[in-house]
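Listed in order, the protein sequences are those of chains F and W. Quick note on our numbering: the first sequence kicks off at 9 and runs consecutively. Quick note on our numbering: the second sequence kicks off at 9 and runs consecutively. Just so it is clear, CB atoms sit at the ideal spot from N, CA and C, and this is done for glycine as well. Below is one structure, written out as structure tokens, with a few remarks after it.
2 protein chains.
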Amino acid sequence: MTKPRPKISKATVTRLAFYLRELQQMQRSGLANIQSKAIAERLGLNDSQVRRDISCLGTVGQRGVGYRVQELIESIQRVLGTDRTWNVILVGVGNLGRALSGYRGFEQQGFHLVGAFDSDSKKIGTSIGSLEIQRLDDLSSFCQSHQIDLAILAVPADAAQGVVREIENAGIPGILNFAPIAVQATSKRTIIQEVDLAIELQRLAFGVVPKAQ
Amino acid sequence: MTKPRPKISKATVTRLAFYLRELQQMQRSGLANIQSKAIAERLGLNDSQVRRDISCLGTVGQRGVGYRVQELIESIQRVLGTDRTWNVILVGVGNLGRALSGYRGFEQQGFHLVGAFDSDSKKIGTSIGSLEIQRLDDLSSFCQSHQIDLAILAVPADAAQGVVREIENAGIPGILNFAPIAVQATSKRTIIQEVDLAIELQRLAFGVVPKAQ
DNA sequence: TAGATTGTTAATCGATTAACAATC
DNA sequence: TAGATTGTTAATCGATTAACAATC
């Protein structure tokens with residue numbers, strides 16, 4: 009008789025992750041309770057929206073008082089799935105990949121980097137952080153001996169589609185794609201999340217331009 | 009008698025940037041014409057939506073034929089504001105900042121990194137790529153002698169809000185914020201675009217979880 | 001209790017999509 | 001011309017917000 013998970017839109021998921029980030033900050037500074045209005049103000053949102061998003065969690069606040077920070081953190085993590093550790097591999101150890109591998113924020117949210125792969129034979133065997141870079145060809149066998157949840161893809165555009173197939177064949181269900189090209193999954197079950205830092209700058213540029221007119 | 013710029017939603021802006029990325033790929037492979045249906049398929053969108061987004065550009069296609077790739081590229085860049093070079097500075101040269109500074113994708117889309125700043129005296133004077141890291145205190149004077157359009161903020165969470173004020177005081181109208189905390193602009197004219205790589209992984213994790221049930 | 005804030009409904013707002021006349 | 005694809009309207013769909021009863 010588990011309550012069916014309510015349908016949560018992608019927009020809500022993204023906001024929940026932002027709430028989580030703020031709540032973690034608040035917790036670090038010793039705050040135990042918080043109101044929807046305060047969360048909304050910090051993030052520039054409407055307080056109705058915050059309450060509605062939170063209502064998807066199942067967790068409830070206390071009328072007249074607000075929410076318990078610790079409780080909210082835990083229930084957001086439960087819904088996002090980050091109440092456990094996720095094993096992640098990095099595919100493509102170029103400039104960006106190397107940077108991503110050292111990014112602390114991943115580990116802090118429970119994403120544990122357990123392998124790094126590249127196709128450049130000059131890189132194989134060299135180390136990146138505490139990991140040794142492995143041949144892309146060894147991806148599949150590595151995944152048979154390790155339970156891998158997600159892959160971070162940071163290869164050049166023209167290699168991306170081929171590597172996606174290898175990642176899928178290795179049975180990894182989610183790909184964070186930094187390659188600057190749209191890639192297609194073969195299986196409908198594979199989830200691909202696009203990230204493009206240059207596109208983020210372009211979105212910002214668009215916001216700035218009208219002011220210059 | 010300039011035509012008033014049509015209202016373009018943020019969702020449309022983001023998609024236009026993705027169209028641009030694909031169109032640039034297509035152009036590299038020698039494609040001169042493209043149809044809304046083909047763009048939509050590549051990106052997993054509806055072709056009506058693609059045509060509607062493109063109609064915001066002013067540029068028109070040819071019925072029965074499609075759009076000219078070169079023309080679309082130029083008009084998307086014009087609307088996003090990337091038909092010119094943007095001068096960008098990096099504030100915060102930690103692990104992530106260092107990585108971002110070497111990222112080729114920025115330069116390719118017309119974002120030119122012209123300065124790097126940090127508050128750690130041990131880093132001042134050392135180089136990052138072709139740039140010499142400057143004191144954060146020198147940000148303001150640097151901006152007086154250089155026309156800076158955007159700042160990439162990659163400092164720790166607890167320093168972020170203070171640095172945002174300095175960036176605003178230096179007259180920079182747009183900030184790409186990688187610091188894992190919500191920051192407030194003092195001026196309403198300042199545009200802040202949030203990017204959080206850990207949040208992208210969380211969004212992906214949420215997408216993957218239901219499959220495991 | 002009185003004051004405050006949640007949880008939720010109903011109204012509003014905006015974005016997506018189907019459909020098709022226009023036209024290359 | 002016949003076939004194809006755009007540009008745009010109208011319908012649908014979904015997300016946001018205002019408002020307020022419930023209740024701590």
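Partners in chain W for leucine 144 of chain F, counting only beta-carbon separations shorter than 7 Å: Those within 7 Å of leucine 144 of chain F in chain W number zero; the least Cβ separation is about 21 Å.
Validate contact between the region 56 to 71 of chain W and the region 68 to 85 of chain F using beta carbons, cut 8 Å, 3 pairs: no
Beta-bridge partners of glutamate 202 of chain F, as assigned by DSSP: F:Asn185
Start and end residues, alpha helix (DSSP H) containing glycine 69 of chain F: From DSSP, glycine 69 of chain F is part of no alpha helix (DSSP H); its letter is neither H nor E.
Partner residues on chain W for arginine 50 of chain F, Cβ-Cβ distance less than 7 Å: Ala190
Threonine 90 of chain W classed as buried or exposed, judged by whether at least 16 other C-beta atoms fall within 10 angstroms: buried
Inter-stretch contact (C-beta, 8 Å, three-pair minimum) for the region 164 to 173 of chain W and the region 183 to 199 of chain W: yes
N- and C-terminal bounds of the alpha helix (DSSP H) containing aspartate 61 of chain W: 55 to 63
Uninterrupted alpha helix (DSSP H) stretches inside the region 98 to 163 of chain W (no shorter than 4 residues): 103 to 109, 112 to 116, 147 to 153
Cβ of aspartate 204 of chain F within 8 Å of any chain W Cβ: yes
At least 3 beta-carbon pairs within less than 8 Å: the region 148 to 160 of chain W vs the region 201 to 219 of chain F: yes
Where glycine 74 of chain W sits in the DSSP three-state scheme: strand
For glutamine 78 of chain W and methionine 28 of chain F, the rounded distance between their alpha carbons: A quick correction: the sequence has leucine, not methionine, at residue 28 of chain F. Whole-angstrom Cα-Cα distance: 43 Å.
Contacts of tyrosine 111 of chain W in chain F (Cβ-Cβ under 9 Å): Asn103, Leu104, Ala107, Leu205, Ala206
Same chain, Cβ closer than 7 Å to glycine 137 of chain F, five either side skipped, listed in chain order: Ser109, Gly110
Short Cβ contact (8 Å threshold) for valine 87 of chain F with leucine 24 of chain F: yes
Nearest neighbour of isoleucine 97 of chain W, chosen from W:Ser17, W:Ser195, W:Leu209, W:Ile175 [CA to CA]: W:Ile175
Beta carbon proximity, glycine 182 of chain F to chain W, threshold 8 Å: yes
According to DSSP, residues forming a beta bridge with aspartate 177 of chain W: According to the sequence as given, residue 177 of chain W is asparagine; it is not aspartate. DSSP output for asparagine 177 of chain W lists no bridge partner at all.
The region 137 to 153 of chain F touching the region 176 to 186 of chain F, judged by at least three CB pairs closer than 8 Å: yes
Coarse secondary structure for isoleucine 16 of chain W, derived from DSSP in three states: coil
Between the CA atoms of asparagine 41 of chain F and glycine 118 of chain W - distance to the nearest angstrom: 45 Å
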